[in-house]
Amino acid sequence: MFEIIKSDLAGRIGILHSNHGKIETPAYVPVIHPVKQLIPTKKIKEVGFDLVITNAYITMKNFGQDATKRGIHDIINFDGAVMTDSGGYQVLEYGDVDVAPADMAEFEKGIMTDFAIPLDKPTGYGLSKKKAKSYVNQTLEVSKETLENSINNGQIWIGPIQGGEHQELVKNSTKNLVKQGFSMLALGSPVEFMESYEYALLASMIITAKKEMPDAIPLHLFGAGHPLTIPLAVALGCDTFDSASYVLYAKHDRYIEEDKTSRLADIRYFSCTCEVCTKFNPKEILSLESEEK
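Here the sequence shown stands for residues 1 to 293, where the numbers follow full-length UniProt numbering.
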């Protein structure tokens, strides 16, 4: 499922094998909205992304059982590999979702996503250790049941690591998910750490998880899309990382560079050589209507 081609520090270059082709890692995984996607997925594929992530919970709410007839690739119009988040982000934001983990797992199987994530209970940032531990245990229970009821159809189930800033819980979560037999893991709840610039804590979480994982198991990092975060994540051994930053930055007239984001109003030219950046300058982009921009 995962080949390591070359390693440096804890980072590595590798290849993920899926039902919809190979993905070279490290890989940035663009977040795709299943209903309100602003940038066509065809364009995202043309740019060079072979793996995207979308939300199975939102898909279920908008398409119902028709989604299982069509499949997630048809719904988002993407012929590469697709990863689905099962609603954990909504749980983190709103406290709960109105679907049982077992039903969500069946839905993810039905829509034939390539990389599926069980409906976890994210710990986020700032929970007491006691509360965080209960969330970790709940996630482990759901993950175990989901993997045991999975079928051998090439679909890859990703075990969600929880624990937040409580390193002992991160360690325990990772160790148990490896023992359960997951062939890929994902570190949950880092967005709040990154938004608070708690990079040392984020690094500790990644290192704690990596110490409990065999090298053959790839690690996904949720919500890492800032150009400063990605090199750190790669150096520490993360293989894939998803984010909607490419859309969010664009909405706020920000341009992604190698090590930072810049306001369009503050730059005179683009360093990128893509068709858009070579056709327009920052001033011309700013003058466009919002949708065209």
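Ideal placement from N, C-alpha and C gives every residue a C-beta, glycine not left out. Every value quoted in this text rests on a predicted model; they were computed, and no experiment measured them.
What is the residue span of the beta strand (DSSP E) that F241 lies within? Within the sequence shown, numbered from 1, the residue matching residue 241 stands at position 241. Here the beta strand (DSSP E) through F241 covers T240 to S243.
Three or more C-beta pairs below 8 Å linking the stretch 255-268 and the stretch 217-232: yes
Quick check on I151: buried or exposed, where buried means 16 or more other Cβ atoms within 10 Å of its Cβ? The residue labelled residue 151 in the question sits at position 151 within the sequence shown. Exposed, because fewer than 16 other Cβ atoms sit within 10 Å of the Cβ of I151.
Counting C-beta neighbours from all protein chains within 10 Å, is the total for D242 16 or more, i.e. buried, or is it exposed? In the sequence shown, the residue the question calls residue 242 occupies position 242. Buried, because 16 or more other Cβ atoms sit within 10 Å of the Cβ of D242.
Rounded C-alpha distance that separates S183 from D114: Position 183 of the sequence shown, counting from 1, holds the residue named residue 183. Position 114 of the sequence shown, counting from 1, holds the residue named residue 114. So the alpha carbons of these two residues sit roughly 13 Å apart.
Using the Cβ count rule (16 or more neighbours within 10 Å means buried), how would you classify C238? Here residue 238 refers to the residue found at position 238 when the sequence shown is read from its first residue. It is buried - the Cβ of C238 has at least 16 other Cβ atoms within 10 Å.
Quick check: the Cα distance between G163 and P227, rounded to an integer number of angstroms? Position 163 of the sequence shown, counted from the first residue, corresponds to residue 163. Position 227 of the sequence shown, counted from the first residue, corresponds to residue 227. Spanning the two alpha carbons is a distance of roughly 25 Å.
Please work out which residues of its chain come closer than 7 Å, Cβ to Cβ, to V170, disregarding the five sequence neighbours upstream and downstream, and give them in chain order. The residue you call residue 170 lines up with position 170 of the sequence shown. Excluding positions up to five away in sequence, the list reads I161, G163, M205, T208 and A209.
How long is the line joining the alpha carbons of L288 and T273, rounded to whole angstroms? In the sequence shown, the residue the question calls residue 288 occupies position 288. In the sequence shown, the residue the question calls residue 273 occupies position 273. Computed Cα separation, rounded: 20 Å.
Shortest alpha-carbon distance to L140 belongs to which of V178, R12, N55 and A244? Position 140 of the sequence shown holds residue 140. Of the candidates V178, R12, N55 and A244, the one whose C-alpha sits nearest the C-alpha of L140 is V178.
With C-beta atoms as the reference, is V136 less than 8 Å away from N172? Taking the sequence shown and counting its residues from 1, one reaches residue 136 at position 136. Taking the sequence shown and counting its residues from 1, one reaches residue 172 at position 172. Yes, the Cβ-Cβ distance between V136 and N172 is below 8 Å.
Considering R12, what are the terminal residues of the alpha helix (DSSP H) in which it resides? Taking the sequence shown and counting its residues from 1, one reaches residue 12 at position 12. No alpha helix (DSSP H) holds R12; the beta strand (DSSP E) holding it covers G11 to S18.
Which residues in the same chain as F63 place their Cβ atom closer than 7 Å to its Cβ, once the five residues preceding and following it in sequence are excluded? Against the sequence shown, residue 63 aligns to sequence position 63. Hits under 7 Å: I75.
Whole-number beta carbon distance between T54 and V29, since they are thought to touch under 8 Å: The count along the sequence shown starts at 1 and reaches residue 29 at position 29. The count along the sequence shown starts at 1 and reaches residue 54 at position 54. Between T54 and V29 the Cβ distance is about 10 Å, and since that is not below 8 Å, they are no contact.
Spell out a yes or no on whether the stretch 124-136 and the stretch 182-201 are touching, meaning 3 or more CB-CB pairs, one atom from each, closer than 8 Å. At 8 Å Cβ cutoff, the stretches touch.
Using the C-alpha atoms, what's the distance from A265 back to K69? As a working note, residue 69 is residue 69 in the sequence shown. As a working note, residue 265 is residue 265 in the sequence shown. Distance between the alpha carbons of K69 and A265 is about 46 Å.
If you draw a straight line from the alpha carbon of S134 to that of I285, how long is it in whole angstroms? Position 134 of the sequence shown, counted from the first residue, corresponds to residue 134. Position 285 of the sequence shown, counted from the first residue, corresponds to residue 285. Taking the straight line from one Cα to the other gives about 49 Å.
Using alpha carbons as the reference points, say which of L147, I44 and I23 lies closest to E108. The sequence position of residue 108 within the sequence shown is 108, counting from 1. Looking at the Cα atoms, L147 is the closest of the given residues.
Alpha carbon to alpha carbon, how far is N19 from K283? For the purposes of this step, residue 19 is taken as residue 19 along the sequence shown, with counting starting at 1. For the purposes of this step, residue 283 is taken as residue 283 along the sequence shown, with counting starting at 1. Distance between the alpha carbons of N19 and K283: 43 Å.
Same chain only: Cβ atoms within 8 Å of T41, ignoring 5 sequence neighbours per side: Along the sequence shown, one-based indexing puts residue 41 at 41. So the qualifying residues of the chain are I32, V52, I76, N77 and F78.
Jot down the residue ranges of each uninterrupted beta strand (DSSP E) in the stretch 189-257, minimum 3 residues, whole runs only, in chain order. Given a length threshold of 3 residues, each whole run of the beta strand (DSSP E) inside the stretch 189-257 is given here in chain order: 219-221, 240-243 and 254-256.
Straight-line Cα distance separating V47 from T84: Within the sequence shown, numbered from 1, the residue matching residue 84 stands at position 84. Within the sequence shown, numbered from 1, the residue matching residue 47 stands at position 47. Their Cα atoms are separated by approximately 21 Å.
Status (buried if at least 16 other CB within 10 Å, exposed otherwise) for K251: Looking up residue 251 in the sequence shown gives position 251. Exposed, because fewer than 16 other Cβ atoms sit within 10 Å of the Cβ of K251.
Whole angstroms is fine: what's the gap from G223's alpha carbon to G154's? The sequence position of residue 223 within the sequence shown is 223, counting from 1. The sequence position of residue 154 within the sequence shown is 154, counting from 1. In a straight line, the C-alpha of G223 is about 25 Å away from that of G154.
With distance defined between alpha-carbon atoms, name the residue in T278, Y269, K279 and S245 nearest to I39. In the sequence shown, counting from the first residue as 1, residue 39 sits at position 39. For I39, the nearest C-alpha among the options comes from S245.
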